[in-house]
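Count along the sequence shown starting at 1, add 85, and that's the number in the working numbering.
Notes for the one structure printed next.
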Amino acid sequence: MSRIRGSNTKPELALRRSLHAKGYRFRTHVRGLPGTPDVVFTRRRAAVFVHGCFWHRHGCRKTYTPKSRRDFWEEKFAANVERDKRVREALADEGWRVFVAWQCEIETDDSLLDRLVAFLGPPRML
Ligand SMILES: [Zn+2]
86 MSRIRGSNTK PELALRRSLH AKGYRFRTHV RGLPGTPDVV FTRRRAAVFV HGCFWHRHGC
146 RKTYTPKSRR DFWEEKFAAN VERDKRVREA LADEGWRVFV AWQCEIETDD SLLDRLVAFL
206 GPPRML
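Below is the structure:
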């Protein structure tokens, strides 16, 4: 599976640190769920994926296509996008809410954390 390329990537760790600092508690890389979501909030029935913009085709500046072996890349990207869609649908079918945090947002978008809090609901008081 290609999230960014493996788990525990730098953007993912950064996001997990931010969420933890806000008081959220969660599980990571939950294999029992479709797509092995990166960050899982069991009681909130919420799953968060950290997606690399290149592999998952965010559409931002990082979403370029290598010039050589274009067919190979396009096929690979299409398969990734299709799998992401299937995973989101499978989770929704099981009653999970899904949030995708893009690599570039974690790196540069200050509103991401606010949007995540809105999605998750307030953290429990410590
Ligand atoms: Zn992006």
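We treat Cβ as the ideally placed atom computed from N, Cα and C, and that holds for glycine.
Other residues of its chain near S153: CB distance less than 6 Å, five sequence neighbours each side excluded: none
Reduced DSSP secondary structure (H/G/I, E/B, other) of R101: helix
Whole runs of the beta strand (DSSP E) within the region 118-157, excluding any shorter than 3 residues: 124-126, 131-136
Separation of R129 from Q188, as counted between CA atoms: 23 Å
From L118, V133, R116, residue whose alpha carbon lies closest to that of V124: V133
Beta-bridge pairing of A53 - partner residues as DSSP gives them: The shown model of the chain, from 86 to 211, leaves out residue 53, and the question about it has no answer.
From S196, T94, L201, residue whose alpha carbon lies closest to that of C138: T94
Supposed close pair E159, T150 - CB separation, criterion 8 Å: 7 Å
Reference V135; option with closest CA among L201, E167, F157: L201
Per-residue DSSP class, three states only, for F111: coil
Cβ-based burial, H105 [other Cβ within 10 Å; buried from 16]: exposed
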